[in-house]
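Undergrad: Pasting a structure here, questions to come.
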Amino acid sequence: MLDGLNEMQGEGALQKDIGFIRDHFSYPVLTDILRSLTKAETAGCDWARETLSGLRKSSPMSLAITDRHIRNALTLDIRETLIEDYRIAARCLEAPDFFEGVRAALRDKDGAPKWSPETFEDIAPDAVNGYFTPLGDDELELPTRVEMQAARV
Numbered sequence: 005m006l007d008g009l010n011e012m013q014g015e016g017a018l019q020k021d022i023g024f025i026r027d028h029f030s031y032p033v034l035t036d037i038l039r040s041l042t043k044a045e046t047a048g049c050d051w052a053r054e055t056l057s058g059l060r061k062s063s064p065m066s067l068a069i070t071d072r073h074i075r076n077a078l079t080l081d082i083r084e085t086l087i088e089d090y091r092i093a094a095r096c097l098e099a100p101d102f103f104e105g106v107r108a109a110l111r112d113k114d115g116a117p118k119w120s121p122e123t124f125e126d127i128a129p130d131a132v133n134g135y136f137t138p139l140g141d142d143e144l145e146l147p148t149r150v151e152m153q154a155a156r157v
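The opening residue of the sequence shown carries number 5 in the numbering used here; numbering runs sequentially from there.
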């Protein structure tokens, strides 16, 4: 039903940077992406410097979670992606970084969050996995496309 409403979009704001994005964000792991950006920053690339500046302000754990979620989404359908979104959101509300970011940006307005862990390199190998595990009884339940179409009849 919605398929007929799809409209092709024109070039977006990032289109001018597509070469940089492909060059640096096509690596298979986040450490390689950061290494590539750092190398380009050292060589004087303003785009890499600005990009790293933004990434360095972010929670290292959130960067790791986001990287994995984007990679997972390449193999998931929309239903599975929304379920994973929900898991991540629920788990982020249990972790300290969300509240620390709110504190630094909105409550104290000091702009100096104390992330946990402080750096990407300090993230325990299995720490990211916990954000993606099913929520048990609290798992988001969404009908499949077949179930939704059957309900319309």
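For each residue, glycine too, the CB sits at the ideal point set by N, CA and C. These numbers were taken from a predicted model, which means no experiment stands behind them.
#1: By how many angstroms is the C-alpha of M12 removed from the C-alpha of Y31?
#2: Three or more C-beta pairs under 8 Å: does that hold for the region 62-79 against the region 137-148?
#3: Give the single residue among A47, P64, L146, E151 whose Cα lies nearest to the Cα of L86.
#4: I need the straight-line Cα distance from L41 to R156, nearest angstrom please.
#5: Considering only the beta carbon of each residue, do S120 and D101 sit closer than 8 Å?
#6: With distance defined between alpha-carbon atoms, name the residue in R39, V33, A44 nearest to F24.
#7: Looking only at its chain, what residues have a beta carbon closer than 8 Å to the beta carbon of D21, apart from the 5 residues adjacent to it on each side?
#8: Rounded C-beta distance between A108 and A116? I'm assuming under 8 Å.
#9: Can the beta-carbon of T148 be found closer than 8 Å to that of R91?
#10: Can you tell which of K113, L38, C96 has its C-alpha closest to the C-alpha of G58?
#11: By a C-beta neighbour count over all protein chains shown, 10 Å radius and 16 as the cutoff for buried, is F103 buried or exposed?
#12: Could you give the residue range of the alpha helix (DSSP H) that holds N76?
TA: Looking at the coordinates:
#1: Distance between the alpha carbons of Y31 and M12: 28 Å.
#2: The region 62-79 makes no contact with the region 137-148; the number of CB pairs closer than 8 Å stays below 3.
#3: The shortest Cα separation from L86 among A47, P64, L146, E151 belongs to L146.
#4: The straight-line gap from Cα to Cα measures roughly 49 Å.
#5: Against a cut-off of 8 Å, the Cβ pair of D101 and S120 comes out as a contact.
#6: Taking F24 as reference, the option from R39, V33, A44 with the minimal CA-CA separation is A44.
#7: Closer than 8 Å at Cβ, skipping near neighbours: W51.
#8: 6 Å between Cβ atoms; contact.
#9: No, they are not a contact pair.
#10: Among K113, L38, C96, the Cα nearest to that of G58 is on L38.
#11: Taking all protein chains shown into account, F103 has fewer than 16 neighbouring C-beta atoms within 10 Å of its C-beta and is therefore exposed.
#12: For N76, the uninterrupted alpha helix (DSSP H) segment begins and ends at 64-77.
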